[in-house]
Structures are given as structure tokens and as C-alpha cells.
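Position 30 of the sequence shown, counting from 1, maps to 50 under my numbering, and the rest follow consecutively. Here a beta-carbon is modelled for each residue, glycine too, at the ideal position from N, C-alpha and C. None of these values were measured; they are calculated from a predicted model.
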Amino acid sequence: MAKNIFTPQPRVAYFTAEKIMRFVPSLGVWGVGAGGLITLLLSSTPIFQQDVLVKVPVLTEYYTDNTPASDKPF
């Protein structure tokens with residue numbers, strides 16, 4: 021007859037890999053939502069436009085500043 025040998029799951033504090041995998045889809049949805057909200061709220065900020073939005077290939081043309089230097093007040 022074969023022996024059943026108990027091997028504990030590796031864990032960090034209370035969390036095991038099995039418990040963490042239950043939260044991954046939810047955390048992904050919340051992460052995408054938070055990223056979208058931050059992008060929406062900061063899209064009118066010039067430094068965010070230059071540092072982030074201009075570097076996204078789909079949004080580059082929309083956020084590139086093509087205003088001539090003579091029309092800029094500062």
C-alpha cells in the first residue's frame with residue numbers, strides 16, 4: 021500500500037500561490053481602471069502629455085504640439 025506523504029505548500033505569511041491566483045483577475049481589472057482614470061484626469065496636463073501620451077504610438081499625432089512659435093504666448 022502506498023504512503024500518503026503530506027507536503028505543505030510554500031507560502032508567505034498567510035498567502036499561498038493558490039490564494040493569490042484567485043485575486044489576479046480582479047487586481048488586473050482594478051489596475052486597468054485606475055490607469056485609465058489617471059490617464060483621463062492627467063491628459064490635459066502638458067508635462068503628462070509630453071512624457072507619456074506623446075510616446076504612445078496611437079496617440080502621438082493627437083498630442084503633438086504643431087503650434088508655430090509665433091502663436092505661443094510664452
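Take residue i as the anchor and find which of the options has the nearest alpha-carbon.
{"i": "T84", "options": "V74, S90, V78 and D91", "result": "V74"}
DSSP state of residue i, grouped into three classes?
{"i": "F35", "result": "strand"}
{"i": "A22", "result": "coil"}
{"i": "L60", "result": "helix"}
{"i": "T80", "result": "helix"}
{"i": "D85", "result": "coil"}
{"i": "P45", "result": "helix"}
{"i": "P66", "result": "helix"}
Output yes or no for whether 9 Å exceeds the beta carbon distance between residue i and residue j.
{"i": "T59", "j": "V72", "result": "yes"}
{"i": "S63", "j": "Q69", "result": "yes"}
{"i": "P45", "j": "A37", "result": "no"}
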